[in-house]
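Asker:
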Amino acid sequence: MLSVDGIENNSTYEIYSKSLINPDLLQKISYLSKNSILASIGNTPLIQINIKDINVPNGVKIFAKIESQNPGGSIKDRAAWSIIREGIFSGKIFNKKGFFRPIVDASSGNTAIGYSLVASTLGIKLRLFIPKNASKERLKILKAYGAEVFTTDPLEGIDGAIEEVKNFIEMNPDYYYLDQYNNDANLKAHYYSTGREILEQTNNEITHFVSCLGTSGTFMGTGKRLRKNLGNKVQLIAVQPDSPFHGIEGAKHMGSSIIPGIYDNSFPDKFEFVSTSEAEKFTKILAKNGIFVGTSSGAALFSSVKVARNMKFGNVVTIFPDGGERYLSTNLWE
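To get my numbering, take the position in the sequence shown, counting from 1, and add 428.
1) By a C-beta neighbour count over all protein chains shown, 10 Å radius and 16 as the cutoff for buried, is G642 buried or exposed?
2) Under the DSSP definition of a beta bridge, which residues are partnered with T580?
3) Below 8 Å, can you find three or more Cβ-Cβ pairs linking the region 703-719 to the region 595-604?
4) Quick one: what's got a C-beta closer than 6 Å to G585's C-beta in the same chain, skipping five residues either side?
5) DSSP on L627, reduced to helix/strand/coil?
6) Label N538 either buried or exposed according to how many other C-beta atoms from any shown protein chain fall within 10 Å of its C-beta, with 16 as the threshold for buried.
7) Quick check on the burial criterion: 16 or more other C-beta atoms within 10 angstroms. Buried or exposed for A467?
8) By DSSP, does V662 sit in helix, in strand, or in coil?
9) Going residue by residue through the region 632-718, where are the continuous beta strand (DSSP E) segments of at least 3 residues, counting only ones entirely within it?
10) K525 lies in the beta strand (DSSP E); which residues open and close that run?
11) Applying the criterion that 16 or more other CB atoms from any shown protein chain within 10 Å of the CB defines a buried residue, is S461 buried or exposed?
12) So F720 is in the beta strand (DSSP E); what residue range does that whole segment cover?
13) Grouping DSSP H, G and I as helix and E and B as strand, with all else coil, what is K616?
14) With distances taken from CA atoms, which of E628, Y755 and G689 is nearest D607?
15) Let me know the secondary structure DSSP gives S535 once reduced to three states.
16) Exposed or buried, what is K594 when buried is set at 16 or more other beta-carbons lying within 10 Å of its beta-carbon?
17) Can you pull the DSSP bridge partners for G742?
18) Hey, is G470's beta-carbon within less than 9 Å of any beta-carbon in chain B?
19) With 16 as the cutoff for other CB atoms within 10 Å, does Y755 come out buried or exposed?
20) Pull the bridge partners of I475 from the DSSP assignment, please.
21) Report the three-state DSSP secondary structure of D385 (helix, strand or coil).
22) Can you tell which of I552, K740, T579 and I590 has the C-alpha that lies nearest to the C-alpha of T635?
23) For a quick check, are the C-beta atoms of S644 and A613 less than 9 Å apart?
24) Going by beta-carbon coordinates alone, are G501 and I541 separated by less than 9 Å?
25) Buried or exposed for L583, going by 16 or more other Cβ atoms inside 10 Å?
26) Looking at the structure shown, is S502 part of a helix, part of a strand, or coil, going by DSSP?
This is the structure we're talking about:
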C-alpha cells in the first residue's frame, strides 16, 4: 500500500483519498518524500552560544537551533512541507481528475521559499503574494524556483498580502489556499520535528524556550511539545518587536496585526519585546563570531540573554530562523 512519510520519525500517513488521486502521481509523491531534497528538511544542529561579549551567569547556558541548515535556508521549510503534505493527506490539494491543484499563499519571504522548494520538487504550480519590500535575495530565490510572485503594498506589510490572497481566492476557487497563519499543519510541523529534536538534543534538560512570533507556528508547536514532555519545568518565552513599525524580518507585532488563528495569547509564560536596533546589534555580534544570520535571530539572542541574566542555573534554547545571506541587500550590512 502506498504511503507518504509523516512528520513523526519512523511513521507514515496513509492517503485515505488515494482512490481520487492519479496513481502515477501518488507513486511519485511517495517516492520523492523519501528520495529527494524533501527528506533533508529538519534535524538541524543545536549549538551552544559562547561569545565573550555576552555575559550570562556561569550556571546558565544558551543554545540555538541553526535553521539555515534546512535545504531552503530557513525554519519555514518545516512548515511549508507540513502544510503541503497535509493537503496531500486530506486530498484537498487534488482536483477532480486526481492531479495537483495550483496552490497559493501570502508570505513575508521565508515560507514562500519553503513552498517553492516543495512545489518545484513535486511539480505543483505555485502563486505567492509578498510585500514589495521583501529583500531582493528572497525575490530572486523565488524566481529561481519558478514560483509566480505578486508583490503587494509594502506599507500594509504581510496583512496586506493576506487580504490580497483572500480576494484572489474568491475569484479563483480552483487554487488551494495553504493559509499558513490559520493552518494547524504549521504548528504540527514543530510539534513533531523541532520540539522533538530539541528534547533529544538537550536530553530533556531545557529550562527555558525563547522564540520570536511570526505566524506563531514555531513557538506554538515547539512549545506544546516541550510542555507535554516537561510540564512546568520549562518556561516558554515569546518574543515580539516593540513597535508596529520595525525592521525585524519575519517577526510580528501582535498588538497591531491580524492575529494568526493558530496563536493562543494565553500560552506563553512570558513575553519579551525587542527593538530593531537591539536585534540588529546582536545580529552583527553573531556575524563577528562566525554565525551569519538574519535579524530575527538577533532578536532571539537578545531576548535569550535578557532571560539568562535573570537566572542562576539552567539551559535556554532559542531558534535562529534563517541565515544572513538573504539580507545582504538591506540596510543592515551597509
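Ideal Cβ positions, reconstructed from N, Cα and C, are used throughout, including at glycine.
Answerer: Inspection of the coordinates gives the following:
1) By the Cβ-count criterion, G642 is buried, with 16 or more other Cβ atoms from all chains shown falling within 10 Å of its own Cβ.
2) Answer is P559.
3) Verdict: no, contact absent.
4) Counting only Cβ-Cβ distances below 6 Å, and skipping sequence neighbours, we find P559.
5) Three-state DSSP puts L627 in a helix.
6) A residue is called buried once 16 or more other Cβ atoms fall within 10 Å of its Cβ, and N538 is buried on that count.
7) Exposed, because fewer than 16 other Cβ atoms sit within 10 Å of the Cβ of A467.
8) In this structure, V662 counts as coil in the three-state DSSP scheme.
9) Fully enclosed beta strand (DSSP E) runs of 3 or longer: 636-640, 663-669 and 698-702.
10) Neither: K525 is in no beta strand (DSSP E) and is coded neither H nor E.
11) It counts as buried.
12) Note, F720: premise wrong, no beta strand (DSSP E); not H, not E.
13) Residue state, collapsed to three classes: helix.
14) Residue G689 is the option with its Cα nearest to D607.
15) S535 falls in the coil class under three-state DSSP.
16) By the 10 Å Cβ count, K594 comes out exposed.
17) Under DSSP, G742 forms a beta bridge with V488.
18) Chain labels in this structure do not include chain B; a single protein chain is all it has.
19) With 16 or more other Cβ atoms within 10 Å, it is buried.
20) Partner(s): A492.
21) Past the boundaries of the shown model lies residue 385; the chain is included only from 429 to 762, so the question cannot be answered.
22) For the options I552, K740, T579 and I590, the alpha carbon positioned closest to that of T635 is the one of K740.
23) No, the pair does not count as a contact, with Cβ atoms beyond the cut-off.
24) I541 sits close to G501, with the two beta carbons spaced by under 9 Å.
25) Exposed.
26) Of the three classes helix, strand and coil, the one that applies to S502 here is strand, per DSSP.
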